[in-house]
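Numbering (the working numbering), first residue to last: 735 to 1415. Below you'll find the structure, written out as structure tokens, and then a few comments.
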Ligand code: FAD
Ligand code: NAP
Ligand code: SF4
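In structure tokens form, the structure reads like this:
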């Protein structure tokens, strides 16, 4: 019997049936922006359709160039452009899938000088000031939406998703914050919603009845002067009357200062918003944000208040997510860990999206895993992300693989990462690889530290021995107050009431988060990383949505410890953190009262604490004592590569992951190196 009956139940829309309740949510990959990449895009979507996704939504396609996300982004305005989209729709239909095209007009969020908006008010996240739309502009943009929907239909799409949330143009018309107009497109709510309603009404008239129209409705803006719940409900009811087939949920504008999809957001943290809409409309409702396992999706759908679950990043991480759920093999799903490092962070840097745990994503035509032509015996040394990824790929291709790990468990530093508050999903990656090792019969040897004398029988040796912490040369570094980050996370040593953290890189920030959390709350109703109610209280989300935009004063708990986070560089700490997540870490620590000290040098550590010198521009240096109980060392890492050095001239030997380069290394690079090496040996 299948474990996910609600998830796998077909959804009858009258004129068509969606085979299950999984919507692959819209995600910009960068492939949409160039016609030469449409074959790659087609293969990317076809693999998800083969993986049995119920309904796919493309990344946003603009109706014209004023609506672009950035210069040269994808748009669909002319008949000749439908040819490239046909590649996509044909590939998906051949795989027995269904696909809608998202129509995205960025309004003031576009990153180029041609942008427009209802009131010409600049957004805080783009440098360009938008042109104030005249009534003629408004009319032109509505027609442009309708034209694009019709062209999407001609290109063979099963429907369109009209992007009305996340702070894009339609959303900019809806709220007082960005719509100060006094004409028929502004002032009262009826006028502010007119733009959205005209687009829907005229689109339905143009495409006929048997074509899916999804409207992505911003149910919770999370910005000041946003919509109230009564307004959202009023619009939803009107959209239903005007011919929308399905309403999808939008949570938070891009400029909102509340995390909505990062790892620190609890699982399914916003499904309550979609559930609140259930009594008000009878068309299907889709919920979204931080849903990444079939178990969680099943639990949400079994309330019978929600009809579909949107997952975007989880389908980047594993194209066959649904197929594995159908086969009751959820342990084999490569789970999205919500890191944003290879998907959103890439998109915001204008790079092609991919996935930290699945580097094949969006490279389906370029990185291909083929059966080995000559079966070899391979030894992989080190069971961290790099070694696990390589061992899995080699074994999948038919090689005989032995994976040696010195410690008692697989995962390497991911075991440490997973202990950081809000990062416990990193354990999913370890679980996934373990299931793959069973499937492809990798010989896993735990508690086995390998030296060069044990490796002569192997055809290929892959050294993935990782990193060890860098211990800086500071007077008193061996003092009993000093704790290295791994000793702290493993609870080999405990920190006192006050601490100074040396190093404000990724691990320094994680340690500050670890120390500033009240660990006694873990698993309780007040756990902000697990419980949506506690999370909403901490970040100031009004669960009644009575206030405009759903905002109330945030109630961040103060750190139970006094914490200093130090770096030698001047300037803002955490500059190198992820593009889309760094601000969350910086803000969370600030609200908890963690103090940053930049531009310091470390003089000595003694019974009194940490002695530093603070360097300030145009001021004399200032000596300071931080009278703390403990000093935690997070000063970067160094490669462990002695084994490789001893082998490289004797046998066919390869060095990957942190063992190869510990500088700016992260798991994205480690896993990609492991997979690509595994694919070519
Ligand atoms: P490691 O994970 O170091 O694994 C090496 C393995 O080799 C170890 O298990 C070790 O026991 C084994 N080994 C060593 N020598 C031998 C031997 N002779 N014989 C057998 N086995 C041996 N990265 C991110 O991208 N995003 C994050 O958010 C993130 N957060 C982090 C948080 C923390 C607290 C930490 C510590 C790290 C974090 N990282 C993060 C970094 C990430 O974990 C590493 O980049 C990644 O683990 C490197 O993988 P690796 O396989 O090269 O090495
Ligand atoms: P890191 O990001 O390189 O940071 C090292 C920190 O230590 C810096 O603040 C550096 O700042 C300081 N430092 C370096 N050498 C020092 C020395 N000799 N003495 C004193 N301070 C020194 O390394 P990390 O924090 O150890 O992280 C390791 C890897 O894991 C990184 O590649 C990171 O990407 C990854 N990671 C990522 C995340 C994430 O959220 N994406 C989280 C954790 C880890 P100054 O030189 O200015 O003092
Ligand atoms: Fe998920 Fe991270 Fe992959 Fe993005 S990069 S899809 S957040 S695992």
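Ideal Cβ positions, reconstructed from N, Cα and C, are used throughout, including at glycine. It should be emphasised that the depicted structure is a prediction, and the values quoted were computed from it without experimental measurement.
Each of 1047, 1050, 1051, 1070, 1071, 1072, 1073, 1074, 1075, 1076, 1077, 1089, 1090, 1091 has a C-beta closer than 6 Å to some heavy atom of ligand 3; these make up the full list, in chain order. As DSSP reads the structure, residue 1177 sits in a beta bridge with 1136. The Cβ neighbour count for residue 1122, taken over all protein chains shown within 10 Å, is at least 16; the residue is labelled buried. Annotation for residue 1407 indicates a beta carbon at 7 Å or more from all heavy atoms of ligand 2.
Shown here, residue 1151 sits in a helix according to DSSP, grouped into three states. Residue 746 is bridged by DSSP to 751. Contact between residue 765 and residue 774 holds, with the beta-carbon distance rounding to 5 Å and staying under 8 Å. DSSP places residue 1203 in the strand class (E or B) of the three-state scheme. DSSP places residue 828 in the uninterrupted alpha helix (DSSP H) bounded by 816-828. Scanning 1241, 1329, 1115, 1334 for the CA closest to the CA of residue 1182 turns up 1115.
Bounds of any alpha helix (DSSP H) do not take in residue 1004, whose DSSP letter is neither H nor E.
Nearest in C-alpha terms to residue 821, of all of 1222, 769, 1308, 1319, is 769. The beta carbons of residue 1288 and residue 1274 sit closer together than 8 Å. The way I'd put it, the stretch 873-881 doesn't touch the stretch 956-975; fewer than three beta-carbon pairs between them come closer than 8 Å. Taking 8 Å as the cut-off, the beta carbon of residue 1283 is found closer than this to the beta carbon of residue 956. Partner residues in the beta bridge of residue 1371, as assigned by DSSP, are 1203.
In this model, residue 1390 and residue 1278 are separated by some 51 Å (Cα to Cα). When C-alpha distances from residue 792 are compared across 1064, 908, 897, the shortest belongs to 897.
Assignment of residue 1197 by DSSP, reduced to helix, strand and coil, places it in the strand class. In the three-state reduction of the DSSP assignment, residue 1340 falls in the strand class, which pools E and B. Residue 891 and residue 988 have their C-alpha atoms roughly 27 Å apart.
Residue environment: residue 1043 is assigned as buried (16 or more neighbouring CB atoms within 10 Å of its CB, all protein chains considered). Residue 784 carries a helical assignment under DSSP once its states are collapsed to helix, strand and coil. Apart from the 5 residues on each side of it in sequence, residue 996 sits with its Cβ closer than 7 Å to the Cβ of 1072, 1074, 1315, 1318 in its chain, given in chain order. Inter-segment contact for the stretch 1293-1310 and the stretch 1325-1335 is present: three or more beta-carbon pairs are separated by less than 8 Å. Judged by DSSP in its simplified three-state form, residue 848 adopts coil rather than helix or strand. Looking at 801, 816, 969, the one whose alpha-carbon comes closest to that of residue 865 is 801. Within the model, the alpha-carbon separation for residue 993 versus residue 832 is close to 31 Å. Here DSSP, grouped into helix, strand and coil, assigns residue 1112 to strand.
The three-state reading of DSSP puts residue 834 in strand, counting E and B together. Secondary structure remark: continuous beta strand (DSSP E) runs of at least 3 residues inside the stretch 953-1019, in chain order: 980-985. Per DSSP, reduced to three states, the secondary structure at residue 809 is strand. Proximity of the beta carbon of residue 1032 to ligand 1 is not indicated: no heavy atom of the ligand is located closer than 7 Å. CA-to-CA, the gap between residue 970 and residue 941 works out to about 20 Å. Non-local C-beta neighbours of residue 990 in its own chain, meaning closer than 6 Å and more than five positions away in sequence, comprise 956, 957, ordered along the chain. Cα atoms of residue 1171 and residue 899: separation of roughly 42 Å, rounded to the nearest angstrom.
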